[in-house]
Amino acid sequence: MTAASLKEKRVRDLARMAKQSGVRGWHAMRKDELINALVRRATSAQSLHSSDEPREVRNSNEGRQTSSTGEKKRRITERNESSVTREKTPPTSSQKNPVTVERGAVIKRIQEVQAQRSREKSLVTQPEPSQKRIAKRNRAVLMVRGPHWLHAFWEVTSHSVQRVKASMGAEWHTARPVLRVLETSGEKGETPAERICREIEIHGGVKNWFIDVRKPMSCRIEIGYKTPSGDFYKLCRSNRVSGAAAGRGDSLDVHWKDIESDCSKIYSLSGGYSTDSESEELRELFQERLRRPLGPPKVRPTAHGHSDTDVQKKGFQLDVDAELVVFGSTEKGGYLSIQGEPIDVANDGSFHIRIEMPNRRQVIPIHGQSASGLEQQTVVLAVERNTRLMEPVSTSEADETER
Numbered sequence: 000m001t002a003a004s005l006k007e008k009r010v011r012d013l014a015r016m017a018k019q020s021g022v023r024g025w026h027a028m029r030k031d032e033l034i035n036a037l038v039r040r041a042t043s044a045q046s047l048h049s050s051d052e053p054r055e056v057r058n059s060n061e062g063r064q065t066s067s068t069g070e071k072k073r074r075i076t077e078r079n080e081s082s083v084t085r086e087k088t089p090p091t092s093s094q095k096n097p098v099t100v101e102r103g104a105v106i107k108r109i110q111e112v113q114a115q116r117s118r119e120k121s122l123v124t125q126p127e128p129s130q131k132r133i134a135k136r137n138r139a140v141l142m143v144r145g146p147h148w149l150h151a152f153w154e155v156t157s158h159s160v161q162r163v164k165a166s167m168g169a170e171w172h173t174a175r176p177v178l179r180v181l182e183t184s185g186e187k188g189e190t191p192a193e194r195i196c197r198e199i200e201i202h203g204g205v206k207n208w209f210i211d212v213r214k215p216m217s218c219r220i221e222i223g224y225k226t227p228s229g230d231f232y233k234l235c236r237s238n239r240v241s242g243a244a245a246g247r248g249d250s251l252d253v254h255w256k257d258i259e260s261d262c263s264k265i266y267s268l269s270g271g272y273s274t275d276s277e278s279e280e281l282r283e284l285f286q287e288r289l290r291r292p293l294g295p296p297k298v299r300p301t302a303h304g305h306s307d308t309d310v311q312k313k314g315f316q317l318d319v320d321a322e323l324v325v326f327g328s329t330e331k332g333g334y335l336s337i338q339g340e341p342i343d344v345a346n347d348g349s350f351h352i353r354i355e356m357p358n359r360r361q362v363i364p365i366h367g368q369s370a371s372g373l374e375q376q377t378v379v380l381a382v383e384r385n386t387r388l389m390e391p392v393s394t395s396e397a398d399e400t401e402r
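Take a look at the structure:
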């Protein structure tokens, strides 16, 4: 390898040769620098090769000195080659830099926060299981629930959100979902004048909102996104309502009528069955308003002529059973079978069936076929029931244990 022969080659070929030879900084060199570096590398390689060849020596001391010199040069060459190899070889997964690991954790956390913000920002409403066959549309409904409360309900499609997002452009990233209350004035049949009296910041994942009002008024609502500059992009608009006049009925049992139908669940979610002393006031209020007891019955004195031993011998009977309700929807006229047995499909494609649920694990295949017979679909449900019968305990013993 001579300088004259290297001058005939292209810069790209010289760079490749320099990379293969382990020349440092080859990527920043010009053609003349690459040629000089390659010539020096070739000269040093020839000198090392010639020093390694066996030769006759006259005395043993000179031979040992020559071999030691060659060994030193060989070690230097191996050290240089190993350093070049370390530069070329990327770090393995077991040799990850702590900074890289920390950066990955930060990136993952940022992605989680961004996903959470995206869910809170999206006003797209998901259909309920019983209404999946009903076509979705944009709508908002406002209802009067009393002199001081309005109930807003809305449904928003993904298409309308994407349309608003495209219209907003870069402002979408800083926009906030807002429920706007518009106070209206004017007689029926006339175009009412509207005034923005309130803006409530809402979030995704809900489609019901209760609005408190201090005085009766005629109003409607709008659902949309508001930018920091004050622009409002509407998604849907509700009907117009007039608030009810305040009266004595609002302070009595009007609001408890809604609670009465589902009082046990509301009582439980409010901490009624907890062991805290604060739940006693909650229980008294519920019983006062609903006019019936809540929770387990209190311990009553033993009936005349019956001892505690007789009651324990008789035992407390409690039988529990369970069944599985499977429901869903398919296309009209489709064929459906569960565990090999055909089931009826309603005209709208909905179906439901009750299945026994024994105390074990079971796999339930659901097979469906289109009305044309060209498509099939199978869904497999795996459920397990594990019922345990605990030893009966008298109420007096349970109270002593809690103490």
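Going by numbering that gives the first Met the number 0, the first residue of the sequence shown is number 0, and it counts up by one from there.
Just so you know, even glycine gets a beta-carbon here, dropped at the ideal spot from N, CA and C.
Three-state secondary structure (DSSP) of residue i
| i | result |
| --- | --- |
| R116 | helix |
| E330 | coil |
| P97 | helix |
| T377 | strand |
| G145 | strand |
| R387 | coil |
| R57 | Confidence at R57 is low in this model, with a pLDDT of 46, below 50, so its placement is unreliable and the value that follows should be read with caution. Residue state, collapsed to three classes: coil. |
| V310 | Interpretation of V310 is limited by its pLDDT of 49, a score under 50 that renders its predicted location unreliable; the figure taken from the coordinates is listed afterwards. Reduced to three states, the DSSP call for V310 is helix. |
| S228 | coil |
| L284 | helix |
| S237 | coil |
| G242 | coil |
| R194 | strand |
| R219 | strand |
| V407 | Lying outside 0 to 402, the shown extent of the chain, residue 407 is not represented and no answer is given. |
| R108 | helix |
| R39 | helix |
| D414 | It is not possible to answer for residue 414, since the shown part of the chain is limited to 0 through 402. |
Residue range of the alpha helix (DSSP H) that includes residue i
| i | result |
| --- | --- |
| D12 | V10 to S20 |
| L466 | Outside the displayed range of the chain (0 to 402) lies residue 466, so it cannot be described from this structure. |
| I201 | Here I201 belongs to no alpha helix (DSSP H), and DSSP marks it neither H nor E. |
| K6 | A2 to K6 |
| K264 | C262 to L268 |
Per DSSP, cross-strand counterpart(s) of residue i
| i | result |
| --- | --- |
| S166 | Bridge partners of S166: none, in fact. |
| S371 | DSSP output for S371 lists no bridge partner at all. |
| V319 | BP columns for V319 are empty, so no partner. |
| W153 | A139 |
| V324 | R353 |
| H366 | S336 and T377 |
| Q361 | V382 |
| P341 | S336 |
Residue i: first and last residue of the uninterrupted beta strand (DSSP E) it sits in
| i | result |
| --- | --- |
| L181 | R175 to S184 |
| K206 | From DSSP, K206 is part of no beta strand (DSSP E); its letter is neither H nor E. |
Alpha-carbon to alpha-carbon, residue j and residue i
| i | j | result |
| --- | --- | --- |
| K331 | R360 | 32 Å |
| T190 | R219 | 13 Å |
| H366 | E374 | 11 Å |
| L335 | S371 | 13 Å |
| S43 | S20 | 12 Å |
| E287 | K256 | 13 Å |
| G348 | Q125 | 19 Å |
| R138 | R102 | 44 Å |
| G204 | A151 | 15 Å |
| D230 | R108 | 32 Å |
| D320 | R353 | 13 Å |
| Q110 | V160 | 22 Å |
| V2 | G24 | Residue identity differs from the one stated: residue 2 is Ala in this sequence, not Val. Cα-Cα distance, rounded: 19 Å. |
| K6 | I34 | 7 Å |
| P341 | V378 | 15 Å |
| S369 | H147 | 52 Å |
| F315 | I337 | 38 Å |
| Q376 | R136 | 28 Å |
| E200 | N207 | 13 Å |
| V344 | S166 | 43 Å |
| V123 | I222 | 11 Å |
| V405 | E154 | Residue 405 lies beyond the residue range present for the chain, which begins at 0 and ends at 402; the question has no answer from this structure. |
Burial state of residue i (16 or more Cβ within 10 Å)
| i | result |
| --- | --- |
| L317 | exposed |
| M142 | exposed |
| D12 | exposed |
| C196 | exposed |
| R179 | buried |
| V112 | exposed |
| G242 | buried |
| M389 | exposed |
| A114 | exposed |
| P227 | exposed |
| F285 | buried |
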